[in-house]
Structures are given as structure tokens and as C-alpha cells.
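To start, the structure under review is shown below, and the notes come after it.
There are 2 protein chains.
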Amino acid sequence: MTISSYQDQSPILVAVDCIIFGFDNEELKILLIKRNFEPEKGKWSLMGGFLKEQETADEAADRVLLSLTGLHDVYMEQVHTYTGPDRDPVERTISITYYALINIEDHNEELTRQHSAQWFSFSEAPELIFDHHQMVTHAINRLRYKTSIQPIGFELLPEKFTMRQLQKLYEAILNETLDKRNFSKKINQLDVLIKLEEKDMSSSKKGSFLFQFDKEKYAAKAKQGFAFRL
Amino acid sequence: MTISSYQDQSPILVAVDCIIFGFDNEELKILLIKRNFEPEKGKWSLMGGFLKEQETADEAADRVLLSLTGLHDVYMEQVHTYTGPDRDPVERTISITYYALINIEDHNEELTRQHSAQWFSFSEAPELIFDHHQMVTHAINRLRYKTSIQPIGFELLPEKFTMRQLQKLYEAILNETLDKRNFSKKINQLDVLIKLEEKDMSSSKKGSFLFQFDKEKYAAKAKQGFAFRL
DNA sequence: TTATTAAGTGTATTATTTACATTTATAAAT
DNA sequence: ATTTATAAATGTAAATAATACACTTAATAA
Chain P
1 MTISSYQDQS PILVAVDCII FGFDNEELKI LLIKRNFEPE KGKWSLMGGF LKEQETADEA
61 ADRVLLSLTG LHDVYMEQVH TYTGPDRDPV ERTISITYYA LINIEDHNEE LTRQHSAQWF
121 SFSEAPELIF DHHQMVTHAI NRLRYKTSIQ PIGFELLPEK FTMRQLQKLY EAILNETLDK
181 RNFSKKINQL DVLIKLEEKD MSSSKKGSFL FQFDKEKYAA KAKQGFAFRL
Chain B
1001 MTISSYQDQS PILVAVDCII FGFDNEELKI LLIKRNFEPE KGKWSLMGGF LKEQETADEA
1061 ADRVLLSLTG LHDVYMEQVH TYTGPDRDPV ERTISITYYA LINIEDHNEE LTRQHSAQWF
1121 SFSEAPELIF DHHQMVTHAI NRLRYKTSIQ PIGFELLPEK FTMRQLQKLY EAILNETLDK
1181 RNFSKKINQL DVLIKLEEKD MSSSKKGSFL FQFDKEKYAA KAKQGFAFRL
């Protein structure tokens, strides 16, 4: 900032809110908490928290996510900052939103229970407090864009996954169905997956081969100007 | 935000900073001001200002831009919020950034002079204070993305423009050269320009036809699901 | 041995992107 | 009047990418 010098400013609270995405092999999910304090006690909302002294918003978002899921080093991205003067009825609060991608199996169920948190199908999420619905909409749009140009979708999957899981994931994110042959062709020609010997036998008699995302190979290719595009 | 209730928070100032883009028919430009107060007095920086009571960040950005250029109703988009606790050495200040697209001929020169503002070629901009360089980089990336999926480039041009101007604009934004025939073919098949009878005679003996962006036609097509893609 | 189930795979068609050079309209100079 | 100079205007062929579409295979269970 630059003009008008450092004059008085009425106090503004700064918070972060997290849109936490997960994937259950069929649908995109979102983790919401039931507010246990006023205002809007009992209603569903995003998980958030205030910025601490000497803490960046990125750090605050990490902290909030850790406290709810027990997870460290989660993929997060800042989305947008909401500044409506009356968006929070108690005190003027601006909220910086982040979306997080987690492997749904990794989260600490005990912690989520403590916070009265619950996973919802993205398409069947309940009404949310304040402007949280708008935040979610913005986040999913950003996620759609980002997954189409960067290999961040893998963050939502277990280490080893089948081609079918990967396709279902992209279908869930993009909210459209994809052709199986064209999908695997496209993925394979990106040449950033390792096909394992191992099969997942749970989904069919034949079983399906498991894959891993090859981070190192991708990083090397990205350095050479390779563009991940799906 | 949601958890941890409304406890004390150390005071944080909230500012907006504007990355103001213009186009001079050859290069992409950016409007910077020379700081006339401490800290970093005399250095180049983005134009910014603090959020007022009862004002959204969008409104603050509009106000800042108006005060510098005299322009209303300018295309602006929020980009990112910077929250490093020591990013501003005086007081803890978070900054919400916006980029603005203006027709370079429209701005009020008297106002920009009062603020010691100056246009710089995007590629030859001076060193900036604090984290402003990072803000500019983030903004140009967002602009590149946004211009490729929405017809916002026209905001940088006069009402009537030649095909060459439009191409130069996209070349400047994308920082790559484009083929003239392929470019005009692509633009024409989007079918959102009005070709005028009128010619611009300043650039050649032959003169070149002027075009206008057909906002209504675009809006109607967009409603039908038409995607502007360049 | 047979039946069942999802996994795995290829090709032809269409659409899009790219590369590339000549002609044309006008103003200025002679 | 004619010539010259300059950027504007224009089309096609080749390469690449995207799409539509159906049968075979591996393994388990009956």
C-alpha cells in the first residue's frame, strides 16, 4: 500500500477459512463443521480461525487444518479474500480463504469428531453460514482450473491408485463424464505415472493395476517446460 | 472463520494495492508512483491505500484508482492477499491486491502528476518496494489467464481499434509473437467484433479498418454457453 | 467348465492448430 | 500521370489433437 500514510484505521479482524476437499473414489467431498458457538450456533460452516501475531495467512490455514485433521504438509492454495463490512455480524472480519486437498483416509477421525466435523458430498452440502457458500463456489472453480494445468489431483488419492480411481476423481472435479479409453490414453502420454506390478483386486475379478504419480519425473519434465494439461 | 471464537487479535492494518495496466499500442505498461513519504521515500511502488470503515476491498481499490487516474468503472480483479508479518516495516499490514485495466489515453494526467505517477514498460519497470514486485508478477500471470478466457483485453484499447492493435495487445500480454493471419482468423470466428466502415489512416498508406467489440453480442453468446478462447 | 465382471486396449473421423507468401489499397514522390 | 513505398488483407495445405466408439481378456465364483 502506499498513499494516505499510516493513519488510524478502525480495527479489522483477519481470519482464514478453509475449504477442505476429499475424494471417496466416487464423489468429491467437503469437510464441514457444526458451529458450537454463537452466532449461527448449530449451523454448518467452513473451518476457520483468526490470524495470530507473527503468523502469515498460509501458516494460519495450515494450523487450522492441522487442528481439524491432524494433517501436516497438505496442499493448500489461497483463493480469495472476502471483505464485506457486515459479512460477520459480530465484528468486522475479513476472511482469506484457502482450499485444501487431502486424502480422505488420512484425516484423524477423533479430531474431526471433536470439532463436530462431517464429510458431505460436494453436490449435497447443507446450507452454510455467512458467505461460506460463495467461498466454496469460488474454491471449486479454482480447483477445476488448477487441476487442469497442474498434477494436484493426486493429492486427493492414496499413494497407489487405479486408472479408474483417477478417472472418477477428474470426473468428480470437472463434474462431467469422460471416455475411459481417451482418458487413459491422455494420462499415459503425459508419461508421469509409474505402473506397478501390483493389482487392486477389490473392484473386479480381473483386478486392476495400481499406479503411482512419479513426482521426480514430473518435476524434471516441468523444469524442461513440459506442461501438464488434462 | 469459525473456530476459536472472537478472542483478542493484535491489530492488523488492511490495505489494497493496485497493479494498473495500460497499453500504448506497442507495449504493456504499468503505472507506478514515487513514494513521497517514509519508509522507502523516493522509491517506486504500486498505488494503494487503507481500507475504510464500511468499505469493501473492491470499493477501496476503486477509490484508490479514481484518486490516481480520475477513472470510474474500471475493470478490476482481486488477485491475492499478502500477509507476511514483516512485509511493511512500520506496522503490520496485510495487502489485498487488484489489477486494473485502463485505456491509457483516458487517465487524468494532472492527477497522475500530482501523485508523481509514471507509466513504465512492463518489461523495464524499476525495482519496487516491499513485496510489490511479487504482486506484479502474480497479477500479470492472472491477467494472462483471464485474457485467454474472457474478452477483457478490450478494456486496454480505445473504443475503436485496428486488428493490428488487438494483435499487438495480445502479444504484449502473452509475451509472444503471433501469426497475423491465424490471429485474425481466430478473432473473426469468435464473431464478437463489429467491423466498421471507417479506417485508421495513421499507420499506413492503405489504412486499416477499425473494429469495435460487440458487448451485447458477446453477452448473448456467453449466456448460450459460448466460450471466448484465444 | 461355465458364467460373470470390470479391466484393458486401437482405429477412424473430425476439429483445431500451425506454417507460410502474394496481392491490394492508398499516399507520397517524381 | 506514373511510379514507388508501405502496411493491410487474405487462403490453403499439413500436422496435431480431440473425439467417438466395441470387443477381448483376466480372474474369480458358481
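Residue numbers (this note's numbering), protein chains in the order written: chain P, 1 to 230; chain B, 1001 to 1230.
We put the CB at the ideal spot given by N, CA and C, even for glycine.
Contact between P/I102 and P/V74 holds: CB atoms are separated by about 6 Å, below the 8 Å threshold. Beyond the five residues adjoining it in sequence on each side, P/N108 comes within less than 8 Å, by CB distance, of T69, G70, L71 in the same chain, given in chain order. The C-beta separation of P/M76 from P/A100 comes to about 5 Å, placing the pair in contact by the 8 Å criterion. Counting only Cβ-Cβ distances below 7 Å, P/Q134 has no contacts in chain B at all, with the closest Cβ about 13 Å away.
Contact note: P/L128 does not reach chain B at a C-beta cutoff of 9 Å; the least C-beta distance is about 10 Å. Rounded to the nearest angstrom, the Cβ distance from P/S184 to P/M163 is 5 Å, consistent with a contact under 8 Å.
Taking 7 Å as the upper bound on Cβ-Cβ separation, chain B lies near residues H80, T81, T83, G84, P85, V90, E91, T93, I94, S95 of the segment 79–95 of chain P.
At least 9 Å separates the CB of P/L143 from every CB of chain B. Per DSSP, P/S10 lies in no beta strand (DSSP E) segment and is marked neither H nor E. Between P/D131 and P/R87 the beta-carbon gap is near 5 Å, inside 8 Å, which marks them as a contact.
The contact set of B/P1158 on chain P, defined by CB atoms closer than 8 Å, is empty, because the minimum CB distance reaches about 28 Å. At a cut-off of 9 Å, the C-beta of P/A57 has a neighbouring C-beta in chain B. Within chain B, P1011 have C-beta atoms less than 7 Å from the C-beta of P/P11, given in sequence order. P/V90 sits exposed, since fewer than 16 C-beta atoms from the chains shown fall within 10 Å of its C-beta. For B/D1214, same chain residues with a beta-carbon under 6 Å away, outside a window of 5 residues either side, are V1192, I1194 in chain order. Per DSSP, B/H1115 lies in no alpha helix (DSSP H) and is assigned neither H nor E. Using a CB distance cut-off of 9 Å, P/Q54 counts as an interface residue toward chain B.
Only those residues of the segment 26–51 of chain P whose C-beta falls short of 7 Å from the nearest C-beta of chain B are listed: I33, R35, F37, S45, L46, M47, G48, G49, F50, L51. When the beta-carbon positions are compared, B/K1199 and B/S1208 come within less than 9 Å of each other. Counting every other CB atom within 10 Å of its CB across the protein chains shown gives P/S203 a total below 16, marking it as exposed. Judged by pairs of C-beta atoms under 8 Å, the segment 45–55 of chain P does not touch the segment 172–189 of chain P, as fewer than three such pairs exist.
Boundaries around P/M163 are those of the alpha helix (DSSP H), 163–174, since no beta strand (DSSP E) includes it. Contact between B/V1016 and B/S1095 is confirmed by a C-beta separation of about 7 Å, below the 8 Å threshold. Judged by DSSP secondary structure, B/Q1078 falls within the beta strand (DSSP E) whose first and last residues are 1075–1082. If you draw a straight line from the Cα of P/K168 to the Cα of P/E155, it is about 14 Å long. In this structure, the CA atom of P/Q224 is about 45 Å from the CA atom of B/S1010.
As the crow flies, the alpha-carbon of P/R35 is around 15 Å from that of P/W119.
For P/V14, a Cβ of chain B is located within less than 9 Å of the residue's own Cβ. Here B/H1080 is near P/Q78, since their CB atoms are less than 9 Å apart. Rounded to the nearest angstrom, the gap between the Cα atoms of B/L1031 and B/I1020 is 5 Å.
Spatial neighbours of P/K43 in its own chain (CB-CB distance under 7 Å, excluding positions within 5 residues in sequence) are listed in chain order as R35, I129. If you look at B/Q1189, you'll find it in the alpha helix (DSSP H) that goes 1180–1190. P/Y145 is not bridged by DSSP to any residue. In the three-state scheme derived from DSSP, where H, G and I count as helix and E and B as strand, P/K205 is classed as coil. A residue is called buried once 16 or more other Cβ atoms fall within 10 Å of its Cβ, and P/Y145, having fewer, is exposed.
Per DSSP, the unbroken beta strand (DSSP E) holding B/A1100 starts and ends at 1093–1101.
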